[in-house]
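Protein chains: 2
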Amino acid sequence: MPRIVIVHPEAVSAERWRIDLGRLLPDHVVETWSLGSPPADYAVAWNPPADFFDQQPALKVLFSAGAGVDALLQHPRLPAGLPIARIEDAGMGDQMVEYCLHEILRIQRRFDDYQALQQAGEWRELPVARRSELPVGVFGLGVLGLQVARALAAFGYPVSGYSRSPAAHESIRCFSGDGLREFLGGCQVLVLLAPLTAQTRGFFNAERLSWLPRGASLINVARGPLVVDDDLIAALDTGHLAGATLDVFAREPLPADHPFWRHPRVRMTPHVSALTLADLSARQVASRIRALERGEPPGGLVDREQGY
Amino acid sequence: MPRIVIVHPEAVSAERWRIDLGRLLPDHVVETWSLGSPPADYAVAWNPPADFFDQQPALKVLFSAGAGVDALLQHPRLPAGLPIARIEDAGMGDQMVEYCLHEILRIQRRFDDYQALQQAGEWRELPVARRSELPVGVFGLGVLGLQVARALAAFGYPVSGYSRSPAAHESIRCFSGDGLREFLGGCQVLVLLAPLTAQTRGFFNAERLSWLPRGASLINVARGPLVVDDDLIAALDTGHLAGATLDVFAREPLPADHPFWRHPRVRMTPHVSALTLADLSARQVASRIRALERGEPPGGLVDREQGY
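One line per chain: the protein sequences are A and B, in this order.
Per our numbering, residue 1 is the first one in the first sequence, and the count goes up by one each step.
Per our numbering, residue 309 is the first one in the second sequence, and the count goes up by one each step.
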């Protein structure tokens with residue numbers, strides 16, 4: 001029987017994967033990895049230890065247990081030719097839409113200002129924008145970015161999107177390449193949903209943040225290192241940016257002494273904007289293994305050069 | 309030329325109505341009311357003074373400048389036979405959807421708990437419900453209630469609705485009459501969107517609030533007196549209700565010593581969930597006056613016995 005090995009730093013998650021995949025693929029051996037595990041045909045991996053690959057010479061495909069593969073691609077002993085597939089969506093798109101829509105409604109309807117007025121005991125009506133007056137930009141139009149962009153457009157916000165290669169999507173004003181400055185200049189809210197690659201690391205530095213209009217807000221639900229922390233803090237301190245909602249950070253958990261924790265213009269959540277739903281993820285991996293065994297391409301394969 | 313009089317306690321609003329209607333109905337005299345104004349054919353009124361109607365014997369229709377007519381119907385000298393029309397929607401439905409969706413997403417995704425964790429400097433993931441696990445009830449299925457209920461159902465929440473008379477709406481589980489207890493028992497979030505009438509005043513007292521499941525949340529965007537303040541505070545204090553979002557109050561502005569201001573489980577806004585959009589309202593009144601003058605019914609007429 002083909003063997004599937006699960007390697008995951010959290011025992012509960014590893015066990016969940018083992019049980020779910022075991023049920024979905026009863027004609028496979030599914031086991032969690034430990035030192036000396038026999039060579040497997042497939043691996044489901046999240047942050048595998050340094051020596052993992054040395055003991056797995058027979059792997060046909062490596063399944064990332066999440067959507068982001070930046071950490072996996074930097075693994076020092078990742079075999080050069082090993083195909084990698086990543087989780088696509090698995091319930092994450094719906095959650096991203098919820099998270100972003102909540103934040104954008106909060107900005108539009110000024111709920112934070114109203115909360116401050118309540119705390120001050122002050123009864124006062126504030127001028128508020130209509131949806132049509134709050135243009136939103138989505139940086140990265142992959143599976144998740146596109147789903148968020150479409151949902152926001154359907155809800156009535158004017159939506160632009162920026163992608164590496166030119167794209168065209170109904171109801172989204174699409175930018176790429178040289179259009180970055182024009183794209184950013186039109187964003188009252190900027191949502192980051194791009195993968196972390198050599199190109200996107202440190203992308204939002206002081207100069208590019210300055211291309212956003214004064215009073216804009218940033219929502220980062222992608223990867224922390226897309227943004228230069230110090231440059232973001234400077235833009236918030238001068239008031240060029242009105243606020244930032246951060247779900248991801250260069251180091252997670254965010255170190256206790258990082259200024260984001262206490263910055264009055266930063267709202268943060270601990271990388272929970274979209275959790276991979278275990279049952280949907282297991283079903284996706286199982287159906288891809290079935291496809292492979294029928295001789296079909298498995299879907300979700302990563303292009304290592306592009307980095308996602 | 310037919311005369312239209314505007315009577316509104318806020319001078320800016322009165323002037324706005326006068327200008328907008330003057331532009332839309334150039335073949336009418338439009339003026340703001342003052343003592344001794346000549347008798348008019350139509351009035352647009354918000355909280356008219358006690359003696360207003362004594363000097364207006366020729367009124368054919370009274371247009372309420374807002375959606376709620378409870379204050380107008382209690383005017384001591386309102387002529388018995390005078391038809392009253394009220395603003396319907398005029399952009400308010402969209403705003404109600406925004407307000408309610410924001411609050412429900414906040415509850416579902418536990419953004420308040422995450423804000424508290426940030427303040428405590430604590431990095432911790434919390435269990436979160438999916439949309440399908442958060443049943444929402446809408447009390448009152450008029451124009452606004454129905455629009456909110458439909459939007460929430462389209463977004464993926466299981467939605468029930470309660471109305472005075474039996475109703476049937478696709479994708480909404482409809483209750484009426486005796487079904488109240490069953491309706492409330494199934495609401496994890498209850499949105500109040502019913503008019504204030506003799507029947508709804510004080511409706512949500514200790515007993516009916518106790519019919520909500522433990523841990524439910526209340527959103528009142530209708531009228532303050534639908535809820536008995538002390539009973540709501542008691543239900544919040546025991547933890548039977550997890551929270552309340554209140555946009556409306558028995559007395560507005562809410563008196564400075566009212567416990568809602570500082571209650572840790574109350575979020576409040578100063579009656580801003582849906583502002584009548586001036587341009588849309590003026591267009592609605594103008595088109596109703598045109599209909600009247602063509603001999604057609606104007607729409608939006610209030611049934612005084614029902615109270616809305």
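Where a beta carbon is used, it is the ideal one built from N, C-alpha and C, also for glycine.
| request: Closer than 9 Å by beta-carbon distance: list the chain B residues that pair up with V221 of chain A, in chain order. | output: Identification of chain B residues near V221 of chain A by a Cβ-Cβ cut-off of 9 Å yields none; the smallest Cβ-Cβ distance measures about 12 Å.
| Using DSSP with H/G/I as helix, E/B as strand and the rest coil, what is V529 of chain B? | The answer is coil: DSSP assigns V529 of chain B none of H, G, I, E or B.
| task | Find the residues of chain A that neighbour L413 of chain B, judging by a C-beta separation of less than 7 Å, and give them in chain order. | result | Those within 7 Å of L413 of chain B in chain A are E98, L101 and H102.
| Leaving out the 5 sequence neighbours to the left and right, which residues in its chain are closer than 7 Å to I289 of chain A when beta-carbon positions are compared? | Around I289 of chain A, the same chain offers L25 and Y42 as residues with beta carbons nearer than 7 Å, after the five sequence neighbours per side are excluded.
| said: Contact criterion: CB-CB distance below 8 Å. Does R432 of chain B meet it with respect to chain A? | reply: True, the Cβ-Cβ gap to chain A drops below 8 Å.
| Residues near P166 of chain A by beta carbon distance below 8 Å, same chain, minus five either side | For P166 of chain A, the CB contacts under 8 Å within the same chain, skipping 5 residues up- and downstream, are C174, S176 and G177 in chain order.
| If you draw a straight line from the C-alpha of L380 of chain B to the C-alpha of L184 of chain A, how long is it? | Roughly 49 Å between the two C-alpha positions.
| task | Output, in chain order, the set of chain B residues within a Cβ distance shorter than 7 Å of T269 of chain A. | result | Neighbours of T269 of chain A in chain B, taken as residues at a C-beta separation under 7 Å, are given in chain order as Y422.
| message | Can you give me the C-alpha to C-alpha distance between A291 of chain A and R3 of chain A, rounded to a whole angstrom? | response | Using only the alpha carbons, I get a separation of about 16 Å.
| message | Tell me the residue span of the beta strand (DSSP E) that contains F139 of chain A. | response | Looking at the DSSP string, the run of the beta strand (DSSP E) that includes F139 of chain A is V136 to F139.
| field | Chain-ordered neighbours of P561 of chain B on chain A, where CB pairs are closer than 8 Å | value | Annotation: Cβ neighbours of P561 of chain B in chain A (cutoff 8 Å, chain order): W123.
| said: Along the chain, where does the alpha helix (DSSP H) containing G344 of chain B start, and where does it finish? | reply: Taken as a continuous stretch (DSSP letters only), G344 of chain B belongs to no alpha helix (DSSP H), as it is neither H nor E.
| request: Return the Cβ separation of G453 of chain B and G469 of chain B in integer angstroms, given the expectation that the two are a contact with Cβ distance under 8 Å. | output: At roughly 7 Å, the Cβ-Cβ gap stays under 8 Å, so G453 of chain B and G469 of chain B are in contact.
| Among residues of its own chain, excluding the 5 on either side of V451 of chain B, which ones have a beta-carbon nearer than 6 Å to its beta-carbon? | Excluding residues within five positions, the ones whose Cβ falls inside 6 Å are E396 and D397.
| Where do the ends of the beta strand (DSSP E) carrying V266 of chain A lie? | In the DSSP annotation of this structure, the continuous segment of the beta strand (DSSP E) that includes V266 of chain A starts and ends at V266 to M268.
| message | I need the boundaries of the beta strand (DSSP E) containing I4 of chain A, first residue and last residue. | response | Where I4 of chain A is concerned, the enclosing beta strand (DSSP E) stretches over R3 to V7.
| field | Beta carbon proximity, V580 of chain B to chain A, threshold 8 Å | value | The beta-carbon of V580 of chain B is placed less than 8 Å from the nearest beta-carbon of chain A.
| query | Are the C-beta of W569 of chain B and some C-beta of chain A separated by less than 8 Å? | reply | Yes, W569 of chain B lies at the interface with chain A (some Cβ there is under 8 Å from its Cβ).
| task | Note down, in chain order, every chain A residue with its Cβ under 9 Å from the Cβ of R394 of chain B. | result | Within chain A, no residue comes near R394 of chain B; the closest Cβ sits about 21 Å away, beyond 9 Å.
| task | Could you check what DSSP says for G243 of chain A in three-state terms: helix, strand or coil? | result | Looking at G243 of chain A - three-state DSSP - the assignment turns out to be strand.
| request: Please report the Cβ distance between L196 of chain A and L218 of chain A, rounded to the nearest whole angstrom; I am assuming they are in contact, meaning their Cβ atoms lie under 8 Å. | output: L196 of chain A to L218 of chain A, Cβ: 16 Å. No contact.
| Can you tell me where the beta strand (DSSP E) with G161 of chain A in it begins and where it stops? | Under the DSSP assignment, G161 of chain A falls in the beta strand (DSSP E) whose first and last residues are V159 to S163.
| field | M96 of chain A, buried or exposed, once every other Cβ within 10 Å from all chains shown has been counted against 16 | value | Label assigned to M96 of chain A: buried.
| task | Taking only the alpha-carbon atoms, compute the straight-line gap between W33 of chain A and F260 of chain A and give it to the nearest angstrom. | result | One Cα belongs to W33 of chain A, the other to F260 of chain A, and the distance between them is close to 37 Å.
| query | In whole angstroms, what separates the C-alpha of G300 of chain A from that of E293 of chain A? | reply | Taken atom to atom, the span from the alpha-carbon of G300 of chain A to that of E293 of chain A is near 16 Å.
| field | CA-to-CA distance, G239 of chain A to L211 of chain A, given in whole angstroms | value | With the sequence shown as reference, residue 211 of chain A is identified as Trp, and Leu is not the correct amino acid for it. W211 of chain A and G239 of chain A: Cα-Cα distance of roughly 14 Å.
| field | Neighbourhood of G202 of chain A by C-beta distance below 7 Å, restricted to the same chain and skipping five residues each side | value | So the list reads P225 and V228, once near-sequence residues are dropped.
| task | Keeping to the same chain, check which residues put their C-beta closer than 6 Å to that of V159 of chain A; ignore five residues upstream and five downstream. | result | In its chain, beyond the 5 residues on either side, V136, A149, L152, A153 and I172 have a beta carbon closer than 6 Å to the beta carbon of V159 of chain A.
| Straight-line CA distance for L134 of chain A to S321 of chain B? | Taking the straight line from one Cα to the other gives about 25 Å.
| task | Select from B:L343, B:M400 and B:P317 the residue whose C-alpha is nearest the C-alpha of S589 of chain B. | result | Relative to S589 of chain B, the option among B:L343, B:M400 and B:P317 whose CA is nearest is B:M400.
| said: Taking the alpha-carbon of K60 of chain A as reference, which of A:V44, A:G66 and A:R18 has the nearest alpha-carbon? | reply: That would be A:V44, whose Cα lies nearest to the Cα of K60 of chain A.
| said: So for S273 of chain A, helix, strand or coil by DSSP? | reply: Under the three-state reduction of DSSP, S273 of chain A is assigned to coil, being neither helix nor strand.
| request: Report the rounded CA-to-CA distance for F249 of chain A versus H258 of chain A, giving the unit in angstroms. | output: Between F249 of chain A and H258 of chain A, the C-alpha separation is close to 10 Å.
| said: When you compare the CB of Q188 of chain A with every CB in chain B, is at least one pair closer than 8 Å? | reply: When Cβ-Cβ separations below 8 Å define contact, Q188 of chain A makes no contact with chain B.
| said: Spatial neighbours of G487 of chain B within its chain, please: C-beta separation below 8 Å, excluding the five flanking residues on both sides. | reply: Excluding positions up to five away in sequence, the list reads Y470.
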